[in-house]
Amino acid sequence: MQNRTLEIGVGLFLLAGILALLLLALRVSGLSPSPNTDTYKLYAYFDNIAGLTVRAKVTMAGVTIGKVTAIDLDRDSFTGRVTMQLEKRVDNLPTDSTASILTAGLLGEKYIGISVGGEEALLKDGGTIHDTQSSLVLEDLIGKFLLNTVSKDAK
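Taking this note's numbering, I'd label the letters of the sequence shown as residues 1 to 155.
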């Protein structure tokens, strides 16, 4: 009888550990076991989206307001089209708002930061943010720095 109680206790402890690991994995991966809030879709076109990934966060004033749901190539303009799902509570973005690809830290993950514009007209579900700033490519910056250093040494 005491053996049976010990086995049940160990089984419950093991089950709790597996559930805790599952919840931790969901949290780290960006998935959520909680129901989704109401969202709406916006698009933005960038010349260079280097390093931006699906499920990257979308922020405004440092607060996460959504996530990137798709990245594809626009075959007409040959630019990267980013699809974002934003929370309904921020459905009052002016049409002249700016979307920038930013980096968390020096070499951290890429995310989209939205700066609010001043227009009266608002972006609607399925709308497009036209004013965008592409990702800075670290290799290009290092190349420009080295090129400047070499050209100064040559003089």
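Note that beta-carbon positions come from the ideal geometry of N, C-alpha and C, so glycine has one too.
### Task
Examine the Cβ distances between the region 22-31 and the region 114-126 and report whether three or more of them are shorter than 8 Å.
no
### Query
So is M1 buried or exposed if we call it buried at 16+ other beta carbons inside 10 Å?
Counting every other CB atom within 10 Å of its CB across the protein chains shown gives M1 a total below 16, marking it as exposed.
### Query
Is the beta carbon of V68 sitting closer than 8 Å to the one on A56?
yes
### Message
For A166, tell me which candidate among V90, V82, L52 and S77 has the shortest Cα-Cα distance.
### Response
The structure shown does not extend to residue 166, since the chain spans only 1 to 155, so no value can be given for it.
### Task
From the DSSP output, in three-state form, read off L146 for me.
helix
### Contact check, A70 vs T95, beta carbons under 8 Å
no
### Message
Please return the same chain residues whose Cβ sits closer than 8 Å to the Cβ of L73, not counting the five positions on each side in sequence.
### Response
T79, G80 and R81
### Query
Which partner residues does T98 have in the DSSP bridge list?
S115 and D131
### Task
Determine the contact status of Q85 and K41, defining contact as a CB-CB distance below 8 Å.
yes
### Query
Relative to the alpha-carbon of N92, which residue among T83, I65, D76 and R75 has its alpha-carbon at the smallest distance?
I65
### Task
Locate the alpha helix (DSSP H) running through V28, then write down its first and last residues.
Q2 to S29
### Task
Using a threshold of 8 Å, state whether the C-beta atoms of T132 and F46 are closer than that.
yes
### Task
Measure the beta-carbon distance from Q135 to K110 and round it to whole angstroms, keeping in mind my assumption that it falls under 8 Å.
As written in the sequence, residue 135 is Ser, which differs from the Gln given in the question. Sure, about 6 Å apart at Cβ, within 8 Å.
### Message
If I measure Cβ to Cβ from Y43 and keep anything under 8 Å in the same chain, skipping five residues before and after, which residues do I get?
### Response
R81, V82, T83, M84, G126, G127, T128 and I129
### Query
For L19 and chain D, any beta-carbon pair shorter than 8 Å?
Judged by its chain identifiers, the structure shown contains no chain D, having just a single protein chain.
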